[in-house]
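Novice: Just so we're on the same page, the numbering used here is the position in the sequence shown counted from 1, plus 2.
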Amino acid sequence: ARHPETATRLDNGEVFLSRLPTPHGNHFHVGHKVVMSKDASGLANRAVWTVLERKGLIKASFPLAVTVTPDGQVYDSGIADQILHGSDH
C-alpha cells in the first residue's frame, strides 16, 4: 500500500490499490519481500475478501482492486514473519 505506481492515498486515510501482485512461478513480490503463492490463496478467494470487508479492513472491488481502510493498514495478522521472506532478485 506504499508504492505510488499502484497505491493512491485518499483524503479519508484509506489507500486504494489499483493492482494486486501477480504471482510468477511459486511466489510474488511485495516491496522488497517475497510471498509464496501457497501462502496467499486468499487473494483470489471472494469469501476471504468478504470477511475482510465485513471486519472493516477493506472495501473490495473483487478481484481487480481493493481499498484498504485505516484499520486494515494497522491490522496485525500475527503471521507476517512467517509469510514475508527476503528476496534474492
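We put the beta carbon where it would ideally sit given N, CA and C, even for glycine.
Keep in mind it's a predicted model, so treat the numbers as computed, not measured.
1) Report the partner residues of A67 according to the DSSP bridge assignment.
2) Tell me which residue opens and which closes the alpha helix (DSSP H) that L54 is part of.
3) When you compare each of A49, S79, F30, H34 to K40 by their alpha carbons, which one comes out closest?
4) Between P25, Y77, F64, which has its C-alpha nearest T52's C-alpha?
5) If you follow the alpha helix (DSSP H) that A82 is part of, which residue opens it and which one closes it?
6) Go through its chain and collect everything with a Cβ distance to Y77's Cβ below 6 Å, but skip five positions before and after it.
Specialist: So, from the data block:
1) S63
2) 48 to 56
3) F30
4) F64
5) 82 to 85
6) L59
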